[in-house]
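Numbering (my numbering), first residue to last: 12 to 591. The beta-carbon is built from N, C-alpha and C at its ideal position, and this holds for glycine as well.
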Amino acid sequence: MEKRSEILGRLSSGAFDGTVLIVGGGINGVGVYRDLAAQGVPALLVDKGDFASGTSSAPSRLIHGGLRYLETGEFQLVRESVEERNRLLLNAPHLVKPIPVWVPALSRFGGALSAGLRFLRLKRTPGAKGSIVVRMGLALFDRFGDKDRSMPRHRAVPISEARGRVGFASGVRAVLEYWDARIVSPERYTLELVEDAENDCPASGALPYMALSGLVDGRVLLTDCLDGERFTMRPALVVNCAGPWIDPVDAKIGISEPLSDGTKGSHLILERPDLVRELDGAMLYFETHDHRACLVYALDQRMILLGTTDLRTKQVDEARCSDEEIEYLFGVLRDVLPQSRPARDQIRFTFAGVRPLPRSDAGATGAISRDHTFRDFPADEARPFEVVTLVGGKWTTYRACAEQLVDRILPRLNKTRLRSTLTVPVGGGRDFPSESAGQQALVATVARDGGIATAAAERLVARYGTRARTIAQSLDEAGRKALSGASEYLVGEILYMLRHERVARLQDIVLRRSLLAFEGKASETTVRAVADIVAPELGWTPEQRNAEVEKLLEQLAERHHVSNMRYEKRATTDDEATVA
Numbered sequence: 012m013e014k015r016s017e018i019l020g021r022l023s024s025g026a027f028d029g030t031v032l033i034v035g036g037g038i039n040g041v042g043v044y045r046d047l048a049a050q051g052v053p054a055l056l057v058d059k060g061d062f063a064s065g066t067s068s069a070p071s072r073l074i075h076g077g078l079r080y081l082e083t084g085e086f087q088l089v090r091e092s093v094e095e096r097n098r099l100l101l102n103a104p105h106l107v108k109p110i111p112v113w114v115p116a117l118s119r120f121g122g123a124l125s126a127g128l129r130f131l132r133l134k135r136t137p138g139a140k141g142s143i144v145v146r147m148g149l150a151l152f153d154r155f156g157d158k159d160r161s162m163p164r165h166r167a168v169p170i171s172e173a174r175g176r177v178g179f180a181s182g183v184r185a186v187l188e189y190w191d192a193r194i195v196s197p198e199r200y201t202l203e204l205v206e207d208a209e210n211d212c213p214a215s216g217a218l219p220y221m222a223l224s225g226l227v228d229g230r231v232l233l234t235d236c237l238d239g240e241r242f243t244m245r246p247a248l249v250v251n252c253a254g255p256w257i258d259p260v261d262a263k264i265g266i267s268e269p270l271s272d273g274t275k276g277s278h279l280i281l282e283r284p285d286l287v288r289e290l291d292g293a294m295l296y297f298e299t300h301d302h303r304a305c306l307v308y309a310l311d312q313r314m315i316l317l318g319t320t321d322l323r324t325k326q327v328d329e330a331r332c333s334d335e336e337i338e339y340l341f342g343v344l345r346d347v348l349p350q351s352r353p354a355r356d357q358i359r360f361t362f363a364g365v366r367p368l369p370r371s372d373a374g375a376t377g378a379i380s381r382d383h384t385f386r387d388f389p390a391d392e393a394r395p396f397e398v399v400t401l402v403g404g405k406w407t408t409y410r411a412c413a414e415q416l417v418d419r420i421l422p423r424l425n426k427t428r429l430r431s432t433l434t435v436p437v438g439g440g441r442d443f444p445s446e447s448a449g450q451q452a453l454v455a456t457v458a459r460d461g462g463i464a465t466a467a468a469e470r471l472v473a474r475y476g477t478r479a480r481t482i483a484q485s486l487d488e489a490g491r492k493a494l495s496g497a498s499e500y501l502v503g504e505i506l507y508m509l510r511h512e513r514v515a516r517l518q519d520i521v522l523r524r525s526l527l528a529f530e531g532k533a534s535e536t537t538v539r540a541v542a543d544i545v546a547p548e549l550g551w552t553p554e555q556r557n558a559e560v561e562k563l564l565e566q567l568a569e570r571h572h573v574s575n576m577r578y579e580k581r582a583t584t585d586d587e588a589t590v591a
């Protein structure tokens with residue numbers, strides 16, 4: 012990837028005047044960036060933080076068909092979600108993996124009437140669902156997923172089989188199984204899209220840590236969040252894909268209409284190898300006592316992910332998992348698995364994000380649509396360019412959403428679509444072998460090229476797909492050494508990120524370019540070891556290095572409940588203090 016300083020030089024020279032400006036470096040903004048590049052249309056993408064540092068880094072890490080949206084009659088959204096999920100399994104097999112999902116039900120016939128009322132839009136609040144209602148939904152779900160199907164259809168799990176594997180509560184009367192998908196690293200997927208876009212259209216440029224600040228004489232004012240330097244550009248058109256930040260971004264360019272209301276979703280990463288064994292590769296997707304949807308599944312041989320909450324919030328910038336949410340999630344897990352015994356000393360990481368939902372008067376957050384819409388704002392005297400704002404948007408449907416948005420703006424740019432991204436591989440998914448023998452051959456090639464052990468090569472392939480070959484070829488003697496405190500990572504991986512992935516901050520590596528924090532490996536030892544690698548590469552002074560370390564350690568402790576940090580965790584005071 013082009014260095015950040017080189018893109019800044021092009022911005023200073025006016026090279027981006029007359030191009031599309033995309034605000035938002037999450038999955039939807041980057042999806043638009045990628046689709047425009049496929050049409051040969053250059054764009055400048057900016058984000059006040061890192062790529063995928065907001066909502067896009069905080070999903071349940073599922074690429075899912077949206078089964079529960081059937082309940083509110085959003086059939087088109089479910090069809091689109093299932094079809095996009097199937098394509099993601101094919102386009103990014105290194106990062107998107109199938110997962111069986113078990114749905115426990117407390118009755119057979121419960122909820123049939125209320126489900127029908129919700130289906131007819133005569134009732135908006137969520138309600139209980141028995142196995143008959145769930146199975147009817149799964150039959151329709153399977154029908155929508157016929158295109159590009161690569162996974163089995165749903166089935167009823169014999170209750171004896173279910174209880175033989177999982178310690179369900181005594182009230183569970185039936186268990187249904189269907190298949191969905193999970194994404195290993197949404198942050199890396201987003202970054203690979205940026206790289207793919209710039210390979211297709213080198214005239215484009217994506218700048219993390221660059222904020223839209225306002226208007227000056229009809230030009231957009233941009234501020235570098237790292238050093239405060241200011242730039243201006245004259246866009247042909249602005250696309251606002253800032254997620255839950257769309258309203259403040261619009262306001263800075265003279266648009267006062269509020270469009271978005273956020274709900275916060277929080278998740279816990281727990282070290283529970285016993286539950287990993289009990290789940291045996293399946294995800295539990297279960298209804299709570301207050302009719303919300305929660306889930307739990309294994310990330311590896313030791314860690315599980317438990318989520319999620321769905322709470323209205325105004326605190327978009329400081330979203331974090333509150334103590335009340337932790338207790339709520341522990342409680343709902345105990346409800347479905349009475350012997351699970353979750354405890355705070357098992358927490359290795361927490362994360363929270365704000366869903367960019369449309370403004371709604373729905374009483375229950377679960378009744379708010381998860382579909383996306385576009386809002387057009389024409390040019391005026393003060394702002395001589397159009398603005399298209401994306402409201403909503405799901406991770407799973409980002410590609411379809413981007414294609415729809417690009418088709419909307421291409422005529423305004425006097426351009427036509429050259430190709431679809433529907434079947435275009437993503438990043439390390441390009442030429443990724445589908446069979447085990449081919450994957451083993453890829454691992455052998457990576458091991459040989461990098462001069463590393465097979466186990467290390469397997470980890471590189473798992474993280475980077477076919478791009479593992481490039482990383483392996485970059486390894487020198489120092490790069491083959493294990494990272495201090497996290498021996499599953501090589502020093503050379505960190506060096507590659509620094510030299511090729513537009514890293515600007517220490518947190519970029521620990522929280523997003525790698526899974527160090529997410530996997531519970533971000534000890535103080537590891538953070539300092541990474542900083543020792545970063546500092547000379549980015550030209551930091553000892554004072555800058557120490558400041559980055561201290562800031563990240565504090566962030567890990569306060570925002571992510573990383574318990575091996577020396578900072579005392581601060582109590583969270585969200586505007587939705589109670590989780591019922």
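* **Contact under 8 angstroms by Cβ, G65 with G254** => The count along the sequence shown starts at 1 and reaches residue 65 at position 54. The count along the sequence shown starts at 1 and reaches residue 254 at position 243. In terms of Cβ geometry, G65 and G254 form a close pair [threshold 8 angstroms].
* Asked: If you draw a straight line from the C-alpha of D586 to the C-alpha of S118, how long is it?
  -> Residue 586 sits at position 575 when you count from the first residue of the sequence shown. Residue 118 sits at position 107 when you count from the first residue of the sequence shown. Any reading at D586 must be qualified, since the residue scores a pLDDT of 39, below 50, and its modelled position is unreliable; no value is offered.
* Pick out the complete alpha helix (DSSP H) segments inside the stretch 307-377, 4 residues or longer, and give them in chain order. => 334-347
* Asked: Using the rule of at least 16 other Cβ atoms within 10 Å of the residue's Cβ for burial, across every protein chain shown, is V327 buried or exposed?
  -> By one-based count along the sequence shown, residue 327 stands at place 316. The residue is buried, with at least 16 neighbouring Cβ atoms inside 10 Å.
* Closest residue to R539 among E548, S495, A452, A468 (Cα-Cα distance) -> Here residue 539 corresponds to residue number 528 of the sequence shown, with the count starting at 1. Looking at the Cα atoms, S495 is the closest of the given residues.
* Going by C-alpha distance, which of G438, L56, E91, R441 is nearest M244? -> One-based indexing of the sequence shown puts residue 244 at position 233. Closest option to M244, Cα to Cα, is L56.
* Asked: Nearest CA to the CA of V168: which residue from D382, V183, G156, L78?
  -> For the purposes of this step, residue 168 is taken as residue 157 along the sequence shown, with counting starting at 1. For V168, the nearest C-alpha among the options comes from V183.
* Asked: Got a sec? Which residues, its chain only, sit under 7 angstroms from G60 by beta carbon, not counting five neighbours each side?
  -> The residue you call residue 60 lines up with position 49 of the sequence shown. Result list for G60: P219, Y220, in chain order.
* To do: Tell me the start and end of each unbroken beta strand (DSSP E) in the stretch 53-119 that is at least 3 residues and wholly inside, in chain order.
  => 54-58, 107-116
* Asked: Are A192 and V107 touching if we call contact CB-CB under 8 angstroms?
  -> As a position in the sequence shown, residue 192 is number 181, starting the count at 1. As a position in the sequence shown, residue 107 is number 96, starting the count at 1. Yes, the Cβ-Cβ distance between A192 and V107 is below 8 angstroms.
* To do: Could you spell out where the alpha helix (DSSP H) holding V41 opens and where it closes?
  => Counting from one through the sequence shown, the residue named residue 41 turns up at place 30. 38-49 is the span of the alpha helix (DSSP H), which, as asked, contains V41.
* Rounded C-alpha distance that separates E82 from P353 -> Counting from one through the sequence shown, the residue named residue 82 turns up at place 71. Counting from one through the sequence shown, the residue named residue 353 turns up at place 342. One C-alpha to the other measures close to 31 angstroms.
* Asked: Quick one: is E203 buried, meaning 16 or more other Cβ sit within 10 Å of its Cβ, or exposed?
  -> As a first step, residue 203 must be located in the sequence shown, where it is residue number 192. Per the 10 Å Cβ criterion, buried.
* To do: Look up N251 in the DSSP assignment and give the residues it is bridged to.
  => Here residue 251 is taken as the residue at index 240 of the sequence shown, counted from 1. N251 has V34, T400 as its beta-bridge partners, per DSSP.
* Asked: Considering only the beta carbon of each residue, do T274 and R323 sit closer than 8 angstroms?
  -> Here the question's residue 274 lines up with position 263 in the sequence shown. Here the question's residue 323 lines up with position 312 in the sequence shown. Yes, they are a contact pair.
* With DSSP as the reference, label S277 as helix, strand or coil. => What you label residue 277 is simply residue 266 of the sequence shown in a count that begins at 1. It is a strand residue.
* **Cβ neighbour criterion (16 or more within 10 Å) applied to D301** => Residue mapping note: residue 301 aligns to position 290 of the sequence shown, counting from 1. Classification for D301: exposed.
* Asked: Can you name, in chain order, every residue of its own chain whose Cβ lies under 6 angstroms from the Cβ of A479, other than the five neighbours on each side?
  -> Within the sequence shown, residue 479 is the residue found at index 468, counting from 1. Cβ neighbours of A479 beyond the five flanking positions: V457, L471, V472.
* To do: Would you tell me roughly how many angstroms separate the C-alpha atoms of A497 and V521, rounded to the nearest one?
  => Working through the sequence shown from its first residue, we reach residue 497 at position 486. Working through the sequence shown from its first residue, we reach residue 521 at position 510. Rounded to whole angstroms, A497 to V521 spans 11 angstroms at the Cα level.
* For L237, collect the residues of the same chain with a Cβ closer than 7 angstroms to its Cβ; drop the 5 residues on either side in sequence, then sort them by chain order. => The residue you call residue 237 lines up with position 226 of the sequence shown. If we look at L237 and ignore the five residues flanking it on each side, its Cβ neighbours are Y220, A515.
* To do: Can you tell me the Cβ-Cβ gap for E559 and A533, rounded? I've got them flagged as a contact below 8 angstroms.
  => Counting from 1 along the sequence shown, the entry for residue 559 is found at position 548. Counting from 1 along the sequence shown, the entry for residue 533 is found at position 522. About 14 angstroms; that fails the 8 angstroms criterion.
* To do: Please confirm whether S71 and G292 have their CB atoms less than 8 angstroms apart.
  => Locating residue 71 in the sequence shown gives position 60, where the first residue counts as 1. Locating residue 292 in the sequence shown gives position 281, where the first residue counts as 1. For S71 and G292, no; Cβs fall outside 8 angstroms.
* Using the Cα positions of M294 and L187, report the straight-line distance between them to the nearest angstrom. => Locating residue 294 in the sequence shown gives position 283, where the first residue counts as 1. Locating residue 187 in the sequence shown gives position 176, where the first residue counts as 1. Note on geometry: alpha-carbon atoms of M294 and L187 lie some 12 angstroms from one another.
* Can you say whether R283 is buried or exposed, counting buried as having 16 or more other CB atoms within 10 angstroms of its CB? => For the purposes of this step, residue 283 is identified with residue 272 of the sequence shown, where counting begins at 1. Buried, because 16 or more other Cβ atoms sit within 10 Å of the Cβ of R283.
* **Range of the contiguous beta strand (DSSP E) that encloses P219** => What you label residue 219 is simply residue 208 of the sequence shown in a count that begins at 1. Looking at the DSSP string, the run of the beta strand (DSSP E) that includes P219 is 216-219.
* Looking only at its own chain, which residues have a Cβ that is under 6 angstroms from the Cβ of E94, when we skip the five neighbours before and after it? -> Sequence index remark: in the sequence shown, residue 94 carries index 83 (1-based). Result list for E94: K158, in chain order.
* Under 8 angstroms between C-beta atoms of R381 and G77 -> Counted from its first residue, the sequence shown places residue 381 at position 370. Counted from its first residue, the sequence shown places residue 77 at position 66. Against a cut-off of 8 angstroms, the Cβ pair of G77 and R381 comes out as a contact.
* To do: Examine the ligand FAD and report whether any of its heavy atoms sits within less than 7 angstroms of the Cβ of K108.
  => This structure does not include the ligand FAD; it has no bound ligands of any sort.
* To do: Give the straight-line distance between the Cα atoms of G29 and N251, rounded to the nearest whole angstrom.
  => Walking along the sequence shown from the start, residue 29 turns up at place 18. Walking along the sequence shown from the start, residue 251 turns up at place 240. A straight-line Cα-Cα distance of about 17 angstroms links G29 and N251.
* **Through-space distance from V347 to D46, alpha-carbon basis** => On the sequence shown, position 35 is the one that residue 46 refers to. On the sequence shown, position 336 is the one that residue 347 refers to. Answer to the nearest angstrom: the Cα atoms are 42 angstroms apart.
* **Residue nearest to S351 in terms of C-alpha spacing, selected from D418, V231, E289** => Taking the sequence shown and counting its residues from 1, one reaches residue 351 at position 340. The candidate whose alpha carbon is nearest that of S351 is E289.
* 8 angstroms contact criterion, which L242 and L22 should meet: CB distance rounded -> As a working note, residue 242 is residue 231 in the sequence shown. As a working note, residue 22 is residue 11 in the sequence shown. Per the sequence shown, residue 242 should be read as Phe rather than Leu. Contact flag correct, Cβ pair sits at about 5 angstroms.
* To do: Could you tell me the distance, in whole angstroms, from the CA atom of L429 to the CA atom of E397?
  => Counting from one through the sequence shown, the residue named residue 429 turns up at place 418. Counting from one through the sequence shown, the residue named residue 397 turns up at place 386. Going from the Cα of L429 to the Cα of E397 covers about 23 angstroms.
* Asked: Can you tell me whether DSSP reads T481 as helix, strand or coil?
  -> As a position in the sequence shown, residue 481 is number 470, starting the count at 1. Correct three-state label for T481: helix.
* Extent of the continuous alpha helix (DSSP H) run through V144 -> Looking up residue 144 in the sequence shown gives position 133. Start and end: 142-155.
* Would you check if the stretch 262-279 and the stretch 405-419 touch, i.e. whether three or more CB-CB distances between them fall below 8 angstroms? => With a cut-off of 8 angstroms on Cβ pairs, the stretch 405-419 is not in contact with the stretch 262-279, counting fewer than three such pairs.
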